[in-house]
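Residue numbers (our numbering): 131 to 330.
Pasting the structure below:
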């Protein structure tokens, strides 16, 4: 970007932007996330007949949990790049707050609205890379509950899912409580009372 000098990557397609976006090498993407070198991603749906942008989505570089990078099968032995392993980006594993619309059905979203949405998720950038994946996964689960207020127990219902996403952690409930506090401290949640929370 000529303004902020931070690099970005554009993924464009004629079809609707769905939950799965084809990306490059699996290992390279995982390394980028672990080393905090992920670019800002723009996902664009265009209409070739009118040379127009139909939908454009921004996901900031700090909003990719490792769980959103899905490993593909290696290319067959007869392929030119035999054994190469690509990946897909699972947009539905990225919290809705971090999927920022710039153009929606050909309508340009106002600059103020985009800036406000980016400002809301920017505190995620200050979370250490080693912890950020947990924070993003728990935030995504909270959003999937589909309600403004919830309890610890409702998030605990996803313990098994989080165990699969983070196989090295044996104290998932403790980690959930910790991440809810992180989400409170970063402005996503309000602690209503013991074990009760509200989206901010």
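Every residue gets a Cβ at the ideal spot worked out from N, C-alpha and C, and that includes glycine.
Predicted model, so just to flag it, every value in this text is computed and none were measured.
Considering Cα atoms alone, identify which of the options is closest to residue i.
i, options, result
"residue 202", "214, 208, 209", "214"
"residue 191", "145, 148, 173, 152", "173"
"residue 224", "262, 240, 204, 205", "262"
"residue 271", "292, 323, 212, 137", "292"
"residue 165", "260, 312, 286", "260"
"residue 147", "327, 184, 212, 284", "184"
"residue 314", "302, 281, 327, 169", "327"
"residue 144", "242, 132, 180, 171", "180"
"residue 310", "329, 297, 299", "329"
"residue 283", "306, 251, 312, 254", "306"
"residue 84", "276, 159, 182", "Lying outside 131 to 330, the shown extent of the chain, residue 84 is not represented and no answer is given."
Would a C-beta distance cut-off of 8 Å place residue i and residue j closer than the cut-off?
i, j, result
"residue 156", "residue 199", "yes"
"residue 149", "residue 221", "yes"
"residue 289", "residue 303", "yes"
"residue 257", "residue 312", "yes"
"residue 176", "residue 206", "no"
"residue 281", "residue 240", "no"
Would you call residue i buried or exposed, if buried means 16 or more other Cβ atoms sit within 10 Å of its Cβ?
i, result
"residue 139", "exposed"
"residue 217", "buried"
"residue 322", "exposed"
"residue 237", "exposed"
"residue 226", "exposed"
"residue 136", "exposed"
"residue 186", "buried"
Count the C-beta pairs between the region 265-272 and the region 187-206 that are closer than 8 Å, then say yes if the count reaches three, no if not. Taking 8 Å as the limit for Cβ pairs, the verdict is that the region 187-206 does touch the region 265-272.
> Counting only runs that start and end within the region 219-295, where is the alpha helix (DSSP H) found for 4 or more residues in a row?
Replying inline: Listed in chain order, the complete alpha helix (DSSP H) runs (minimum 4 residues) inside the region 219-295 are 241-251, 259-274, 282-286, 289-295.
Exercise. Could you tell me whether the region 247-260 touches the region 225-232, using the rule of 3 or more Cβ pairs below 8 Å?
Key: Yes: the two stretches touch, three or more of their Cβ pairs being nearer than 8 Å.
Next on the checklist: Is it the case that the region 272-283 contacts the region 313-329, given that we only count it when at least three CB pairs across the two stretches are under 8 Å?
Outcome noted: Using a Cβ-Cβ distance cut-off of 8 Å, the region 313-329 and the region 272-283 are in contact, since at least three pairs of beta carbons, one from each stretch, lie closer than that value.
| Can you list the beta strand (DSSP E) stretches of 3 or more residues lying completely in the region 146-178, in chain order? | Whole beta strand (DSSP E) segments, 3+ residues: 150-155, 170-177.
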